[in-house]
Amino acid sequence: MDSRLPAGGPRIEDLLEAVPITVAELRGAVGLFDEDTAGMLRASVDTAERAFAELNACDRVIDEAGARGEDAAAHLRHLLIREAREEVAAELTALDVIAGEVRQSVATLRLLNRILGREAALEDDTPPTDVSRLREIDLRSVPSTYGDDAEYEDLLAMADRGAELAPQLQKAHRERVSAVAEHLVTVVQQAARTGFAHERFAQESLREARAAHALWLRCLDQRQHDLGR
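Add 2 to the 1-based position in the sequence shown for the numbering used here, that's all there is to it.
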């Protein structure tokens, strides 16, 4: 964000430049100062100071949101390894709250920048990158004794085939769960790097994170069904 003032606080010339209005226009708009030009200037400076303070507060929200998002991504990685289902869901809900706070701050930034005649400071609406997608069809397939062309003479032969496939089955489920978990973390990291400041990108990223979470849960359930754990 570029709305911050130089270190040491705002300079008077910066504040005056931020108020795109002449003395005559200000007198006509305010109508309270008569010929007190100094009073009008003080009022305009006070207004600009408050506006810049609000701009900086909004910037802090966005910067802190980026850091909070990065921390959440790291925490999510550990939770996914632990397969802490409820805690993963709670972390995603917390990210929705962060994105909502940023959305409100960005709206305030846009309004203040327009009031101050600083439209050039508004964010570009072009998303930083496309949100990557992951669907179940993209994952490694799970081997099955029912999926091959072999015909078994009895249940014992089928059981033997199942025992042969067990290592492949375990590996397939492990890779599926791992791939979805990694994708979920990556999506959150990408949104966090923008401070969730690009509304459409943030919304699409968190929507994809929710979809990845649902897919991750399905993978865990499928593993439980096939391997009993």
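All residues carry an ideal CB built from backbone N, CA and C; glycine is no exception.
Same chain only: Cβ atoms within 8 Å of residue i, ignoring 5 sequence neighbours per side
i	result
residue 201	105 and 108
residue 218	82, 90, 179, 182, 183 and 186
residue 117	53
Cβ pair residue i, residue j closer than 9 Å
i	j	result
residue 175	residue 133	no
residue 172	residue 229	yes
residue 67	residue 96	no
residue 213	residue 141	no
residue 77	residue 93	yes
Neighbourhood of residue i by C-beta, 7 Å cutoff - its chain only, sequence neighbours within 5 removed
i	result
residue 199	64, 104, 108 and 125
residue 222	85 and 179
residue 208	97, 98, 101 and 193
Backbone secondary structure at residue i - three-state DSSP
i	result
residue 169	helix
residue 132	coil
residue 207	helix
residue 85	coil
Neighbour-count burial assignment, residue i, 16 or more Cβ in a 10 Å radius
i	result
residue 190	buried
residue 55	exposed
Among the options, the one whose alpha carbon lies nearest that of residue i
i	options	result
residue 62	111, 220, 78 and 141	111
residue 115	87, 60, 73 and 205	60
residue 196	85, 101 and 86	101
residue 70	224, 225 and 194	194
residue 206	56, 98, 231 and 139	98
Contacts around residue i, its chain only, beta-carbon distance under 6 Å, and the 5 residues preceding and following it disregarded
i	result
residue 167	145
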